[in-house]
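*Asks:*
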Amino acid sequence: MARFLKNKQKSKGTAPGSLIFIGRQKMEDIKIRVVQYNKDELKILQPDFFSDIKSYLSDDHITWISLYGLHNTEYIKNMGEIFQIPPLILEDILNTDERPKFDEDNQHIFIILKSLFFHSDLNKAQIDQVSIIVGINYVITIQETDSPYFADIDKRLESGTSKIRSYTPDYLCYALLDTLVDSYILNIEKLGTHIEAQEKDLLTSNKQLIENIYHYKTELSFIRKNVRPVKEVITRFITSESDLINSHTFNYLKDLENLITQALEAIEIYYAMVNDQHNIYNTNTSNSVNDVMKVLTIFSAIFIPLTFIVGVYGMNFNYIPELQHHSAYFILWGVMIIIAIFMLLFFKKKKWL
Numbered sequence: 001m002a003r004f005l006k007n008k009q010k011s012k013g014t015a016p017g018s019l020i021f022i023g024r025q026k027m028e029d030i031k032i033r034v035v036q037y038n039k040d041e042l043k044i045l046q047p048d049f050f051s052d053i054k055s056y057l058s059d060d061h062i063t064w065i066s067l068y069g070l071h072n073t074e075y076i077k078n079m080g081e082i083f084q085i086p087p088l089i090l091e092d093i094l095n096t097d098e099r100p101k102f103d104e105d106n107q108h109i110f111i112i113l114k115s116l117f118f119h120s121d122l123n124k125a126q127i128d129q130v131s132i133i134v135g136i137n138y139v140i141t142i143q144e145t146d147s148p149y150f151a152d153i154d155k156r157l158e159s160g161t162s163k164i165r166s167y168t169p170d171y172l173c174y175a176l177l178d179t180l181v182d183s184y185i186l187n188i189e190k191l192g193t194h195i196e197a198q199e200k201d202l203l204t205s206n207k208q209l210i211e212n213i214y215h216y217k218t219e220l221s222f223i224r225k226n227v228r229p230v231k232e233v234i235t236r237f238i239t240s241e242s243d244l245i246n247s248h249t250f251n252y253l254k255d256l257e258n259l260i261t262q263a264l265e266a267i268e269i270y271y272a273m274v275n276d277q278h279n280i281y282n283t284n285t286s287n288s289v290n291d292v293m294k295v296l297t298i299f300s301a302i303f304i305p306l307t308f309i310v311g312v313y314g315m316n317f318n319y320i321p322e323l324q325h326h327s328a329y330f331i332l333w334g335v336m337i338i339i340a341i342f343m344l345l346f347f348k349k350k351k352w353l
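The opening position of the sequence shown corresponds to residue 1 in the numbering used here, with each subsequent residue numbered one higher.
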């Protein structure tokens, strides 16, 4: 399956709002986790069915619902019915090729974006889709896998002193976004370490180096495609007039905007660095070819007069006076050697050697 675009053959010709999973199934079974918290207490629950979720909602605590796995469209359909989520939003959640976006209605804030993990051993970036839905007293996160992208949020909730425990759901949403953007920077840094490490090999021409350059260029393009729209998402979040967003959250969102700008700048810097490495590699390769051609040209230039001399005395005339001389052969060799030495000295003086 292509990385930059997913196969949408299943959804071809279907009506808008059709719940069709687009992507690759990454989990065997759907998993659900519910975290209930307020300033005084924290509960972590593992319900068996999504239909039981509504019983966990109340006004005296915030409910964070995590759904792991997207391939079961019935779960997504049930979620839409329970929380009155528009079918078009559900369709976007099921499309793992969806561009990062921000949307809202009178009851919800909808955010779709990507997680990033760079596998150093494989030299490959892994992108998963993460959807976040914010309601009056709950937050829903939907992931393709059960990867612990938000493990730091769990630790902060367990500590009991985190602002998350005291603030409204929009602050939890900010914290989730902040964690993902932090991971962007950390994983871009890991990729950048590999890119910088190959600079020492640029003066050598080998097939593996140019393959690595093209590979990193592709990875950066893939990351940029999925990360660049996040800045627009955060900008839309900041300018939103939704009643679900408290005024104190806007200050944190502005800081998050600076953070995503830093991540995007790092991507552009490393992309430019890979381009420079490509240019340097091509320049070094051309210089190596030029050096070889220069040596061959010098040898050719030396042999031109020698070939001329040999050609003159190799003509089939009946009488060439010099050929009758007893030492003509040795004299001719001496003349050719002197000419060759003179030309080598001349090239060296001109610094052509």
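Glycine included, each C-beta is placed from N, C-alpha and C at the ideal position.
Within 10 angstroms of the Cβ of ASP29, are there 16 or more other Cβ atoms? Answer buried if so, exposed if not.
*Replies:* Against the sequence shown, residue 29 aligns to sequence position 29. Its Cβ having fewer than 16 others within 10 Å, ASP29 is exposed.
*Asks:* Might you give, ordered along the chain, the residues of its own chain that have their beta carbon closer than 7 Å to the beta carbon of MET273, omitting 5 neighbours on each side?
*Replies:* Position 273 of the sequence shown, counting from 1, holds the residue named residue 273. Closer than 7 Å at the Cβ level, and outside the excluded window around MET273, lie ILE195.
*Asks:* On the three-state DSSP scale, how would you describe TYR56?
*Replies:* Position 56 of the sequence shown holds residue 56. TYR56 falls in the helix class under three-state DSSP.
*Asks:* Could you pull out every residue in the same chain whose Cβ sits closer than 8 Å to the Cβ of ASN78, ignoring the five residues on either side in sequence?
*Replies:* Residue mapping note: residue 78 aligns to position 78 of the sequence shown, counting from 1. If we look at ASN78 and ignore the five residues flanking it on each side, its Cβ neighbours are PHE50 and SER51.
*Asks:* Helix, strand or coil: how does DSSP classify ALA125 here?
*Replies:* On the sequence shown, position 125 is the one that residue 125 refers to. ALA125: strand per DSSP, three-state reduction.
*Asks:* Where ILE109 and GLU91 are concerned, what is the direct C-alpha to C-alpha distance, given to the nearest angstrom?
*Replies:* Locating residue 109 in the sequence shown gives position 109, counting from the first residue. Locating residue 91 in the sequence shown gives position 91, counting from the first residue. Rounded to whole angstroms, ILE109 to GLU91 spans 16 Å at the Cα level.
*Asks:* Go through its chain and collect everything with a Cβ distance to LYS190's Cβ below 7 Å, but skip five positions before and after it.
*Replies:* Here residue 190 refers to the residue found at position 190 when the sequence shown is read from its first residue. Excluding sequence neighbours, LYS190 sits near PHE118 and SER120.
*Asks:* Rounded to the nearest angstrom, what separates TYR313 and PRO305 at their Cα positions?
*Replies:* The residue labelled residue 313 in the question sits at position 313 within the sequence shown. The residue labelled residue 305 in the question sits at position 305 within the sequence shown. About 13 Å.
*Asks:* Tell me where the beta strand (DSSP E) around TRP64 begins and ends.
*Replies:* Position 64 of the sequence shown, counting from 1, holds the residue named residue 64. That run of the beta strand (DSSP E) goes 62–68.
*Asks:* Is it buried or exposed, TYR329, if we count other Cβ atoms within 10 angstroms and call 16 or more buried?
*Replies:* Counted from its first residue, the sequence shown places residue 329 at position 329. With fewer than 16 other Cβ atoms within 10 Å, it is exposed.
*Asks:* Threshold first: 4 residues or longer. Then list the alpha helix (DSSP H) segments lying entirely within the segment 187–253, N to C.
*Replies:* Taking only runs of at least 4 residues, the alpha helix (DSSP H) segments lying wholly in the segment 187–253 are 207–239.
*Asks:* Return the CA-CA distance between TYR271 and PHE222, expressed in angstroms with no decimal places.
*Replies:* Indexing the sequence shown from 1 puts residue 271 at position 271. Indexing the sequence shown from 1 puts residue 222 at position 222. For TYR271 and PHE222, the distance between alpha carbons rounds to 11 Å.
*Asks:* Taking Cβ to Cβ, would you say SER205 is nearer than 8 Å to GLU104?
*Replies:* Counted from its first residue, the sequence shown places residue 205 at position 205. Counted from its first residue, the sequence shown places residue 104 at position 104. No, the pair does not count as a contact, with Cβ atoms beyond the cut-off.
*Asks:* Taking the straight line between their C-alpha atoms, what separation do you get for ARG33 and LEU202?
*Replies:* Taking the first residue of the sequence shown as position 1, residue 33 is located at position 33. Taking the first residue of the sequence shown as position 1, residue 202 is located at position 202. Rounded to whole angstroms, ARG33 to LEU202 spans 49 Å at the Cα level.
*Asks:* Would you mind giving the Cβ-Cβ distance between GLY135 and PHE83, rounded to the nearest angstrom? I have them listed as a contact below 8 Å.
*Replies:* Counting from 1 along the sequence shown, the entry for residue 135 is found at position 135. Counting from 1 along the sequence shown, the entry for residue 83 is found at position 83. Yes, they are in contact, since the Cβ atoms of GLY135 and PHE83 sit about 6 Å apart, within 8 Å.
*Asks:* For the beta strand (DSSP E) that THR73 lies in, which residues bound it at each end?
*Replies:* The count along the sequence shown starts at 1 and reaches residue 73 at position 73. Not the beta strand (DSSP E): THR73 falls in the alpha helix (DSSP H), residues 73–83.
*Asks:* Give the range of the beta strand (DSSP E) segment to which TYR138 is assigned.
*Replies:* Position 138 of the sequence shown, counting from 1, holds the residue named residue 138. Per DSSP, TYR138 belongs to the beta strand (DSSP E) from 138–143.
*Asks:* May I have the straight-line CA-CA distance separating ASP154 from LYS43, to the nearest angstrom?
*Replies:* For the purposes of this step, residue 154 is taken as residue 154 along the sequence shown, with counting starting at 1. For the purposes of this step, residue 43 is taken as residue 43 along the sequence shown, with counting starting at 1. Roughly 11 Å between the two C-alpha positions.
*Asks:* Quick check on DSSP: helix, strand or coil for LEU332?
*Replies:* As a position in the sequence shown, residue 332 is number 332, starting the count at 1. Helix.
*Asks:* Grab me the residues of HIS248's own chain with a C-beta within less than 8 Å of its C-beta, minus the 5 sequence neighbours each way, in chain order.
*Replies:* The sequence position of residue 248 within the sequence shown is 248, counting from 1. Hits under 8 Å: TYR167 and TYR171.
*Asks:* Could you check how far apart the C-beta atoms of LYS124 and GLU268 are, in whole angstroms? I think they sit under 8 Å.
*Replies:* Numbered from its first residue, the sequence shown carries residue 124 at position 124. Numbered from its first residue, the sequence shown carries residue 268 at position 268. 21 Å between Cβ atoms; not a contact.
*Asks:* Once DSSP output is grouped into helix, strand and coil, what is the label at ARG33?
*Replies:* Your numbering for residue 33 matches position 33 in the sequence shown. Looking at ARG33 - three-state DSSP - the assignment turns out to be strand.
*Asks:* From ALA266, GLN129 and ILE302, pick the residue whose C-alpha is nearest to that of GLY69; which is it?
*Replies:* Here residue 69 refers to the residue found at position 69 when the sequence shown is read from its first residue. Measuring from the Cα of GLY69, the nearest candidate turns out to be GLN129.
*Asks:* What's the gap between the Cα of ASN246 and the Cα of LYS217?
*Replies:* Start at 1 with the first residue of the sequence shown, and residue 246 comes out as number 246. Start at 1 with the first residue of the sequence shown, and residue 217 comes out as number 217. Distance between the alpha carbons of ASN246 and LYS217 is about 41 Å.
*Asks:* By alpha-carbon positions, which one of GLN262, ILE339 and LEU209 ends up nearest to TYR281?
*Replies:* Working through the sequence shown from its first residue, we reach residue 281 at position 281. Considering only alpha carbons, the answer is LEU209.
*Asks:* Alpha carbon to alpha carbon, how far is ASP5 from TRP352?
*Replies:* Position 5 of the sequence shown, counted from the start, is the residue given in the question as residue 5. Position 352 of the sequence shown, counted from the start, is the residue given in the question as residue 352. The residue you asked about is not Asp; residue 5 is Leu in the sequence shown. Approximately 53 Å, taken between the alpha carbons.
*Asks:* Helix, strand or coil for PHE110 per DSSP?
*Replies:* In the sequence shown, residue 110 corresponds to position 110, counting from 1. Three-state DSSP puts PHE110 in a strand.
*Asks:* Taking all protein chains shown into account, decide if PRO16 is buried (16 or more other Cβ within 10 angstroms of its Cβ) or exposed.
*Replies:* Residue mapping note: residue 16 aligns to position 16 of the sequence shown, counting from 1. Exposed.
*Asks:* What residue range is occupied by the uninterrupted beta strand (DSSP E) comprising GLU104?
*Replies:* As a first step, residue 104 is located in the sequence shown; it is residue number 104 there, counting from the start. Looking at the DSSP string, the run of the beta strand (DSSP E) that includes GLU104 is 101–104.
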